[in-house]
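Note that our numbering has the sequence shown beginning at 124, numbered continuously upward. Notes to accompany the following structure.
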Amino acid sequence: MDGDIMGSIQSLKGTRDILPDEVAYWQWVEGAARRQFAQAAYQEIRTPIFEDTALFARGIGEATDVVGKEMYTFTDKGNRSTTLRPENTAGVVRAYIQNGLAAKGGIQRLWYSGPMFRYEQPQGGRQRQFNQLGAEVLGSKDPRADGEVIALAQDLLQGLGLVNLTMDLNSVGDRSDRAAYREALVAYLTPYKDDLDADSQDRLNRNPLRILDSKDRRTQEIVAAAPNLSAYLSPESKTFFDRVQQSLSDLNISYRLNPRLVRGLDYYTHTAFEIQSADLGAQATVCGGGRYDGLVEQLGGPATPAVGWAMGLERLMLLLKGLGPAPQSAFDFYVVSRGEAAQAQALKLAQALRRQGFSAELDLSGSAFAKQFKRADRSGAVACLILGEDEAIAQTLQLKWLSSGQQASYGQAALLQDPAALRQQLQQARAAMSEA
Ligand code: ATP
Ligand code: MG
């Protein structure tokens, strides 16, 4: 250190700051999601950001990319293998089992929002710390539950104004359907082994279904003629898939059947879906999910059917920024003052207004009025309150409506006396602003 000039510390690769300008988008999405989940009787759940590594190894599957390559795993000071959660379904299911939510009977409808961690190559829409919003319905094997969760995702995205969305849908069947299909797929692919991309060669024995969504051109050509999973669905699985599709039709949700759609995590059964946006480029999937009827049991709980999804919020923000500014909550007053007595009164006035439920920003600069007025204009407030030396002596203020420039004098106490009337005036001024 001695005499060294220290460089400033930078955020780590694959992480980013969400600065106040951008936070407006996040709060908008969070508010919309919270309202929508409440309307549908989903309750929020918050689980730890790090968990026992075994939870993900057992829940997501050793052969997946997420567990095999992407986890942030470390040994803590107590020698426990600990992992920053790469997704949250496993954590929610652990909490469901551990806290006896299953014993409460009936259906649990849950949602969450928070950071996830995957060691990936960062690029547009792909980070190492990223945020997911998710919904999980535990305890229902009714295909209407699949329809309900999918509709929630669709409504949320559409309610935010997104267009150009498409949804892919598939059924990956149950465990025995998949075992039969897996055998057929491996038998088909093995003669082409040397022509597959390196990743797919590696997956041929570990996780052959994932070869179906390889991005490699030659692999895709080979896969195009591979047997279809749909031909391996049992009559029961087929019936279930038909009923899921029926519920989507009932809800007027359009989708494209994609027999190549398999999800990255092992625990999916039956329904699998992804919602993509044509406006996102390479990382096009905003939301992915499906049914995971085996997971609760696999993690040591009672056999419990379940369905859910996770939405990538960074990708959603990219889309929303392309559409325009986030709706801002309206701001009431910008308070400017000049001179010691006026400054002291302005400080008190701003606080008194906030206690009455108004929003008020106090200019702390002490600069000339002209400069303070400029800031008032840029602040987004509806009105400016002005306290100069004369006003300080008379205990008054000037109220200037920033859109019209109209100004009126008030006693400081009088302004605070009738908050209902003041609120109404603000509303009228705001309406006039939005008409202009
Ligand atoms: P991808 O194919 O893009 O890697 P995935 O199948 O790994 O996605 P899921 O595990 O299904 O993704 O997660 C659901 C959603 O979370 C994705 O559709 C995406 O929107 C988002 N997501 C996943 N990984 C990342 C990441 N590293 N950075 C940002 N968002 C991500
Ligand atoms: Mg991934």
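Beta carbons are placed, not taken as given, at the ideal position from N, Cα and C, and that holds for glycine.
Item: If you draw a straight line from the alpha carbon of ILE509 to that of LYS523, how long is it in whole angstroms?; Value: 8 Å
Item: Identify every residue that forms a DSSP beta bridge with ALA531.; Value: LEU522
Item: Spatial neighbours of ALA405 within its chain, please: C-beta separation below 8 Å, excluding the five flanking residues on both sides.; Value: GLN246, GLY247, GLY248
Item: Comparing the CB of PHE179 with every heavy atom of the ligand ATP, is any distance shorter than 6 Å?; Value: no
Item: Taking 8 Å as the threshold, find out whether the region 310-326 comes into contact with the region 427-447 through three or more Cβ pairs.; Value: no
Item: In three-state terms, what does DSSP make of MET124?; Value: Residue placement at MET124 is flagged as unreliable, the pLDDT there being 49, under the threshold of 50; the coordinate-derived value follows with that caveat. Reduced to three states, the DSSP call for MET124 is coil.
Item: Could you tell me whether the Cβ atoms of ALA464 and ALA504 are closer together than 7 Å?; Value: no
Item: CA-CA distance, LYS192 and LYS227?; Value: 37 Å
Item: Taking 7 Å as the CB-CB limit, is SER488 close to chain D?; Value: As a matter of chain content, chain D is missing from the structure shown, which is built from one protein chain.
Item: How many Å lie between LEU288 and ALA433 at the Cα?; Value: 16 Å
Item: Please confirm whether THR392 and ASP416 have their CB atoms less than 7 Å apart.; Value: yes
Item: Here's the rule: buried if 16 or more other CB atoms are within 10 angstroms of the residue's CB, otherwise exposed. What is PRO209?; Value: buried
Item: Just mark SER357 as buried or exposed, buried being the case when its beta carbon has 16 or more other beta carbons within 10 Å.; Value: exposed
Item: Under 6 Å: does the beta carbon of LEU352 sit that close to some heavy atom of the ligand PLP?; Value: Looking for the ligand PLP in the displayed structure turns up nothing; the ligands present are the ligand ATP and the ligand MG.
Item: Does the beta-carbon distance from ASN351 to PRO382 come in below 7 Å?; Value: yes
Item: Could you give the uninterrupted runs of the alpha helix (DSSP H) lying entirely in the region 455-490, keeping only those of 4 residues or more?; Value: 463-478
Item: Can you give me the C-alpha to C-alpha distance between ALA517 and ALA491, rounded to a whole angstrom?; Value: 21 Å
Item: Using alpha carbons as the reference points, say which of TYR235, LEU279, THR205 lies closest to GLN166.; Value: TYR235
Item: State the DSSP-derived secondary structure class of LEU422, mapped to helix, strand or coil.; Value: coil
Item: Does the Cβ of THR362 have 16 or more other Cβ atoms within 10 Å, making it buried, or fewer, making it exposed?; Value: exposed
Item: Taking 8 Å as the threshold, find out whether the region 192-207 comes into contact with the region 142-156 through three or more Cβ pairs.; Value: no
Item: Kindly examine the ligand ATP and report whether one of its heavy atoms sits closer than 6 Å to the Cβ of GLN433.; Value: It is Ala, not Gln, that sits at residue 433 in the sequence shown. Yes; taking the cut-off as 6 Å, the Cβ of ALA433 has a heavy atom of the ligand ATP nearer than that.
Item: Within a Cβ cutoff of 8 Å, which residues of the same chain sit near MET124, ignoring the five residues on either side of it in sequence?; Value: Unreliable positioning characterises MET124 in this predicted model, as indicated by a pLDDT of 49, which lies under 50. The coordinate reading is nonetheless provided below. Nothing listed; no residue qualifies.
Item: Tell me the rounded alpha-carbon separation between GLU359 and PHE396.; Value: 19 Å
Item: Starting from TRP234, follow its DSSP beta bridges and name the residues at the other end.; Value: GLU167, ALA258
Item: As a quick exercise: from THR427, LEU446, THR519, PRO450, pick the residue whose alpha carbon is nearest that of SER263.; Value: THR427
Item: Which word fits GLU306, buried or exposed, when buried means at least 16 other C-beta atoms lie within 10 angstroms of its C-beta?; Value: exposed
Item: Which residue's Cα is closest to the Cα of ARG181: LEU332, ARG217, LYS497, GLN162?; Value: ARG217
Item: Near ALA637, what residues of its chain come up, given a Cβ to Cβ distance below 7 Å and the 5 sequence neighbours on each side ignored?; Value: Residue 637 is absent from the model: the chain starts at 124 and stops at 559.
Item: Report yes if the CB atom of GLN479 is closer than 7 Å to the CB atom of PRO425, and no otherwise.; Value: no
Item: Is the distance from the Cβ of LEU275 to the Cβ of ALA258 below 7 Å?; Value: yes
Item: If I measure Cβ to Cβ from GLN495 and keep anything under 7 Å in the same chain, skipping five residues before and after, which residues do I get?; Value: VAL459, ASP486, SER488
Item: Rounded to the nearest angstrom, what separates ARG157 and ASP278 at their Cα positions?; Value: 13 Å
Item: Taking all protein chains shown into account, do 16 or more other C-beta atoms lie within 10 angstroms of the C-beta of GLU271, making it buried, or fewer, making it exposed?; Value: buried
Item: Going residue by residue through the region 243-299, where are the continuous alpha helix (DSSP H) segments of at least 4 residues, counting only ones entirely within it?; Value: 266-282
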